[in-house]
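Be aware that the sequence shown starts at 58, since it is given in this note's numbering, and climbs by one per residue.
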Amino acid sequence: MDAALGPPEQMAELEEDLTPMMAQYYELCRQYDDALVLFQVGDFYEAFCAAAQRVARLCEITLTQREDSTGQYPMAGIPIDNAESYVETLLDAGYRVAIADQVEDPDEVSGVVERAVTRIVTPGTLTESELLGGADNNYVAALTEGERYGLALLDVSTGDCYATSVGSATAVADELSRFGPAEAIVGPDVDVDRDAVFGPACLVTRYDADAFGRERAEDRVAQYFGPPERLLAGDAEIRACGGLLAYAEYTRGSSGAVGPDGEPVDPDVDPAGTLDYLNHLTRYDPREYMLLDAVAVESLELFERRSVRGHENRTLVDTVDETACALGRRKLTDWLRRPLLDADRIEARHGAVAELQRDPATREALAGLLSDVYDLERLISRVSRGRANARDLRSLAATLSVIPDIRDQLADADARLLADLHATLDPLTETREEIEAAVRPDPPQQVTEGGVIREGYDEELDRLRSTEQSGKEWIDELEASERERTGIDSLKVGHTSVHGYYIEVTNANLDAVPEDYQRRQTLKNSERYYTPELKDREDEILRAESAADDLEYDLFCAVRDEVADEAERVQALADRLARLDVLVSFAEVAAQYGYCRPAVGGDGIDITAGRHPVVERTEDAFVPNDTRLGSGPLPAAGDGATDDGRDPFLAVVTGPNMSGKSTYMRQVALICLLAQAGSFVPAKAADLPILDRVFTRVGASDDIAGGRSTFMIEMTELATILDAATADSLVLLDEVGRGTSTADGLAIARAVTEYLHDEVGAYTLFATHHHDLTAVAAALPGATNRHFETSREDGDVRFDHELAPGPAAASYGVEVASMAGVPESVVERSRSLLADAEAADSGVDKPGAPAESETATDSDADSAAAETPGTAENGTAAASTGEAASGGHTQEALQANGAAVEGELPESVAEQLASLDVATMTPIEAMNALADLQDRLD
Numbered sequence: 058m059d060a061a062l063g064p065p066e067q068m069a070e071l072e073e074d075l076t077p078m079m080a081q082y083y084e085l086c087r088q089y090d091d092a093l094v095l096f097q098v099g100d101f102y103e104a105f106c107a108a109a110q111r112v113a114r115l116c117e118i119t120l121t122q123r124e125d126s127t128g129q130y131p132m133a134g135i136p137i138d139n140a141e142s143y144v145e146t147l148l149d150a151g152y153r154v155a156i157a158d159q160v161e162d163p164d165e166v167s168g169v170v171e172r173a174v175t176r177i178v179t180p181g182t183l184t185e186s187e188l189l190g191g192a193d194n195n196y197v198a199a200l201t202e203g204e205r206y207g208l209a210l211l212d213v214s215t216g217d218c219y220a221t222s223v224g225s226a227t228a229v230a231d232e233l234s235r236f237g238p239a240e241a242i243v244g245p246d247v248d249v250d251r252d253a254v255f256g257p258a259c260l261v262t263r264y265d266a267d268a269f270g271r272e273r274a275e276d277r278v279a280q281y282f283g284p285p286e287r288l289l290a291g292d293a294e295i296r297a298c299g300g301l302l303a304y305a306e307y308t309r310g311s312s313g314a315v316g317p318d319g320e321p322v323d324p325d326v327d328p329a330g331t332l333d334y335l336n337h338l339t340r341y342d343p344r345e346y347m348l349l350d351a352v353a354v355e356s357l358e359l360f361e362r363r364s365v366r367g368h369e370n371r372t373l374v375d376t377v378d379e380t381a382c383a384l385g386r387r388k389l390t391d392w393l394r395r396p397l398l399d400a401d402r403i404e405a406r407h408g409a410v411a412e413l414q415r416d417p418a419t420r421e422a423l424a425g426l427l428s429d430v431y432d433l434e435r436l437i438s439r440v441s442r443g444r445a446n447a448r449d450l451r452s453l454a455a456t457l458s459v460i461p462d463i464r465d466q467l468a469d470a471d472a473r474l475l476a477d478l479h480a481t482l483d484p485l486t487e488t489r490e491e492i493e494a495a496v497r498p499d500p501p502q503q504v505t506e507g508g509v510i511r512e513g514y515d516e517e518l519d520r521l522r523s524t525e526q527s528g529k530e531w532i533d534e535l536e537a538s539e540r541e542r543t544g545i546d547s548l549k550v551g552h553t554s555v556h557g558y559y560i561e562v563t564n565a566n567l568d569a570v571p572e573d574y575q576r577r578q579t580l581k582n583s584e585r586y587y588t589p590e591l592k593d594r595e596d597e598i599l600r601a602e603s604a605a606d607d608l609e610y611d612l613f614c615a616v617r618d619e620v621a622d623e624a625e626r627v628q629a630l631a632d633r634l635a636r637l638d639v640l641v642s643f644a645e646v647a648a649q650y651g652y653c654r655p656a657v658g659g660d661g662i663d664i665t666a667g668r669h670p671v672v673e674r675t676e677d678a679f680v681p682n683d684t685r686l687g688s689g690p691l692p693a694a695g696d697g698a699t700d701d702g703r704d705p706f707l708a709v710v711t712g713p714n715m716s717g718k719s720t721y722m723r724q725v726a727l728i729c730l731l732a733q734a735g736s737f738v739p740a741k742a743a744d745l746p747i748l749d750r751v752f753t754r755v756g757a758s759d760d761i762a763g764g765r766s767t768f769m770i771e772m773t774e775l776a777t778i779l780d781a782a783t784a785d786s787l788v789l790l791d792e793v794g795r796g797t798s799t800a801d802g803l804a805i806a807r808a809v810t811e812y813l814h815d816e817v818g819a820y821t822l823f824a825t826h827h828h829d830l831t832a833v834a835a836a837l838p839g840a841t842n843r844h845f846e847t848s849r850e851d852g853d854v855r856f857d858h859e860l861a862p863g864p865a866a867a868s869y870g871v872e873v874a875s876m877a878g879v880p881e882s883v884v885e886r887s888r889s890l891l892a893d894a895e896a897a898d899s900g901v902d903k904p905g906a907p908a909e910s911e912t913a914t915d916s917d918a919d920s921a922a923a924e925t926p927g928t929a930e931n932g933t934a935a936a937s938t939g940e941a942a943s944g945g946h947t948q949e950a951l952q953a954n955g956a957a958v959e960g961e962l963p964e965s966v967a968e969q970l971a972s973l974d975v976a977t978m979t980p981i982e983a984m985n986a987l988a989d990l991q992d993r994l995d
């Protein structure tokens with residue numbers, strides 16, 4: 058166990074002899090042994106012993122010593138006024154941090170001040186603005202296991218709470234990828250691969266079993282949201298929600314909360330109470346939304362860039378983000394994480410975006426008003442927890458003041474969503490008027506030192522302030538009157554927090570001091586005095602000031618409590634403002650960048666002049682491309698199927714590196730995703746199906762620490778696709794099989810192509826440098842070949858980035874290597890070797906003959922392919938349609954690289970080869986079969 062956690066060993070040996078303060082610290086460390094305890098001592102949070110050494114090292118602060126009757130203890134402290142930055146460092150190091158505050162006034166206590174943990178700061182339960190680091194949601198998740206997995210998620214800072222259940226650990230990982238929780242707790246019955254399900258960045262802890270018990274969980278859910286049976290589906294969901302709520306209470310230091318060991322938190326300490334602002338639970342079915350797993354989210358760069366060399370702020374969410382407030386930014390992220398599957402809901406969003414796009418005046422007016430909207434969800438969260446200050450209340454009032462103007466802008470809206478927003482935006486007039494009447498327009502940060510409540514709000518407060526003010530005015534006039542009375546022109550009247558009010562006389566004028574002056578303080582060059590009358594006035598001012606400050610704080614708390622009572626209405630308003638902000642943002646992006654309204658619900662993907670929404674912003678020029686994919690799979694040939702005129706649903710895309718293959722595939726996926734999120738899309742026209750899922754196998758990565766090679770990760774991702782894809786899915790494959798030998802890789806790529814065509818029928822874009830795979834595509838009725846145009850002029854390669862029918866003529870890898878700066882000698886040697894290989898393949902004795910003329914383009918290959926559709930570009934005969942569909946592969950399959958097999962195959966090998974059903978084999982099974990055949994031939 059980490060020595061910085063739990064009760065310090067150095068103190069354990071002296072537990073009975075510890076001083077009262079150190080005994081407090083020791084007990085809190087024992088009770089919160091999963092967290093690093095920061096213990097308030099005056100104006101600092103202190104840690105002791107091993108925890109102090111760890112804090113000092115991580116936070117780069119001085120390690121000191123505390124000495125008492127029991128010995129010396131290492132000590133390190135951070136200032137309370139600047140604690141957030143140090144706490145963030147500890148969180149980044151993987152610690153939970155328990156904040157132990159003084160819960161008694163030191164001036165009113167004789168002996169040791171009582172301390173208690175008022176909150177546990179964890180990565181998933183942050184509420185402090187300084188630690189949240191942006192507008193995005195910050196979730197903590199809870200997982201239980203039974204007949205199904207129950208999953209609950211909560212953003213403590215906003216009150217967003219979700220629950221669902223799924224049937225497998227893989228499905229749990231898919232759902233978690235939507236939300237990206239920073240932290241998770243799991244029930245006692247959960248047994249999953251934590252890294253695979255939660256990801257390495259998520260802090261995962263096994264929490265108290267009792268908190269996940271059915272009876273206790275039901276009680277907690279009912280306390281916050283109502284009868285759980287009406288809200289949740291099944292035992293696993295109820296237990297997940299109950300455990301999550303218990304953990305949230307525990308981290309807030311709430312009454313009745315239990316720690317990770319099941320022991321109750323001190324019931325006498327209840328600074329925050331239950332989380333009253335949690336009043337709405339959203340139970341959802343994953344099948345209501347397009348599924349985007351972690352691989353797809355990463356490879357499509359929806360929320361984070363994959364490479365540190367990428368452009369700043371060039372993820373999809375950044376590109377389409379024209380939101381005006383934090384509420385809108387979070388809602389935009391949510392809509393992109395969970396694109397809709399319901400055509401009516403999608404069309405409703407499109408209708409609202411279309412109306413706002415056509416009306417720039419209304420759109421700009423709404424954007425301006427929404428820019429004055431504060432983060433209501435986090436504001437009301439702080440209000441409900443009793444942590445909001447006067448400025449927070451004024452920010453809430455400022456937001457409420459713009460609601461009538463927003464409603465006016467929507468008064469004539471025709472779109473259903475906009476009309477609904479106009480009808481349901483709640484101005485909370487009474488709440489706004491109460492705040493404006495009570496709280497000064499520009500109040501101080503602190504709420505305990507006065508200056509918060511408006512004059513005229515409370516008669517007693519006005520009387521006390523008047524008494525205080527009149528006393529201070531008397532003192533202001535005292536200096537002039539005393540100068541006149543004593544004749545001392547240098548006499549001054551002042552005030553210090555230690556000695557109070559005084560009359561100061563320099564040493565040179567001490568002879569003129571009146572007899573009623575009484576000495577208060579001696580300085581080097583002067584003496585300070587007071588008079589009985591001054592003392593009386595001082596006491597009067599201090600009494601009035603103290604009483605006024607106390608009354609003012611009580612009044613402020615009363616107003617804050619009244620606002621907290623309206624938490625549910627404020628949260629409902631925040632949700633509606635967030636949705637409006639996203640719709641306005643979508644409309645602004647559509648108007649500014651020429652997006653079109655897509656038609657959804659069709660039987661195929663038909664995009665005219667589609668563009669990549671991110672890349673087009675980063676490049677000086679972007680070449681649009683069309684996409685036409687029909688629906689699959691085709692009826693089986695044995696059922697009398699014929700060519701019914703549908704567009705192919707699987708396209709093999711060839712072309713050199715940098716020609717645009719990966720960009721093109723991603724742009725198709727992003728266009729479909731944006732459409733189902735409710736946005737217009739970057740295209741001239743788009744008619745799209747409703748996709749249930751987007752799969753991606755793009756790019757290379759490894760997991761060395763986990764013992765997984767690049768190829769193993771590729772095969773794992775491929776297995777997921779082949780197992781879960783449906784005819785309503787979009788599959789993007791980029792270079793399948795390149796992590797192994799050429800023969801193995803091509804075999805896997807071919808088998809995958811045939812399986813997706815024959816068995817799955819998903820909309821598929823398969824980018825490859827296995828040019829022999831184009832022959833397979835040419836032989837499959839539901840497949841087609843596409844390539845990116847590339848031309849050579851004077852020895853240089855030019856990428857036209859235009860998608861054209863047919864296969865590519867060459868890969869131009871050597872030319873790309875030259876462009877990348879590979880030494881010229883290496884490039885020339887590569888060209889020589891390539892020419893030898895091409896000559897050998899074509900049967901030409903003289904090496905070095907170029908494969909194409911200096912001005913040849915891929916269009917030449919297109920025409921050749923069109924004339925001989927059954928022939929691959931290297932002259933190898935393609936397998937017949939019947940062979941491809943049935944999986945009956947004969948000796949032609951071994952000619953994949955264009956080279957004839959020498960001699961006859963052994964009969965046993967030929968029989969085994971003919972018996973293989975490649976269409977139904979998994980990639981691993983195909984690899985094993987090939988290895989066995991090779992062994993026999995050897």
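A virtual CB, placed ideally from N, CA and C, is assigned to each residue, including glycine. Computed from a predicted structure; not experimentally measured.
Is DSSP giving residue i helix, strand or coil here?
{"i": "A782", "result": "coil"}
{"i": "S848", "result": "strand"}
{"i": "G661", "result": "coil"}
{"i": "H337", "result": "coil"}
{"i": "F105", "result": "strand"}
{"i": "I805", "result": "helix"}
{"i": "H858", "result": "strand"}
{"i": "D683", "result": "strand"}
{"i": "T179", "result": "coil"}
{"i": "I137", "result": "helix"}
Please list, in chain order, all residues of the same chain as residue i whose beta carbon is under 6 Å from its beta carbon, the five residues on each side excluded.
{"i": "A336", "result": "The sequence as given places Asn at residue 336; Ala does not occur at that position. Cβ neighbours of N336 beyond the five flanking positions: E625."}
{"i": "R993", "result": "V966"}
{"i": "F679", "result": "R668, E673"}
{"i": "P746", "result": "G659"}
{"i": "A198", "result": "L210, P238, A241"}
Go ahead and label residue i buried or exposed: buried means 16 or more other beta carbons lie within 10 angstroms of its beta carbon, across all protein chains shown.
{"i": "T783", "result": "exposed"}
{"i": "K741", "result": "exposed"}
{"i": "H552", "result": "exposed"}
Give the C-beta separation of residue i and residue j to the nearest angstrom, bearing in mind that I take them to be a contact with Cβ-Cβ under 8 Å.
{"i": "L612", "j": "E584", "result": "Their Cβ separation, rounded to whole angstroms, is 42 Å, which puts L612 and E584 out of contact at 8 Å."}
{"i": "T684", "j": "V627", "result": "In fact, because the Cβ distance is near 45 Å, the residues do not count as touching under 8 Å."}
{"i": "P136", "j": "D100", "result": "6 Å"}
Near residue i, which residues of its chain fall below 8 Å by C-beta distance, leaving aside the five closest residues on each side in sequence?
{"i": "P571", "result": "R542, T543"}
{"i": "V229", "result": "L200, Y206, L208, V223, V249, V254"}
Kindly list the residues whose CB is nearer than 7 Å to the CB of residue i, restricted to its own chain and excluding five residues on each side of it in sequence; keep chain order.
{"i": "G697", "result": "Confidence at G697 is low in this model, with a pLDDT of 33, below 50, so its placement is unreliable and the value that follows should be read with caution. Closer than 7 Å at Cβ, skipping near neighbours: no residue."}
{"i": "F255", "result": "L233, A241, V261"}
{"i": "L359", "result": "T372, L373, V374, L393"}
{"i": "T1084", "result": "Lying before the first or after the last residue shown, residue 1084 is absent from the chain, which here runs from 58 to 995."}
{"i": "R273", "result": "D267, G299"}
{"i": "G839", "result": "G689, P690, L691, P705, F706, L707, H814"}
Are the region 413-433 and the region 666-679 touching, with three or more C-beta to C-beta distances below 8 Å? By the criterion of at least three beta-carbon pairs nearer than 8 Å, the region 413-433 is not in contact with the region 666-679.
Spell out a yes or no on whether the region 465-474 and the region 393-413 are touching, meaning 3 or more CB-CB pairs, one atom from each, closer than 8 Å. yes
Assess, as a yes-or-no matter, whether the region 158-174 is touched by the region 124-135 under the definition of 3 or more beta carbon pairs within less than 8 Å. no
Given 8 Å as the limit, is there contact between the region 638-655 and the region 730-740, that is, 3 or more CB pairs closer than that? The answer is yes - the region 730-740 touches the region 638-655, with three or more Cβ pairs under 8 Å.
Contact the region 114-121 vs the region 79-99: 3+ CB pairs below 8 Å: no
With three or more beta-carbon pairs closer than 8 Å as the criterion, would you say the region 485-492 touches the region 444-455? yes
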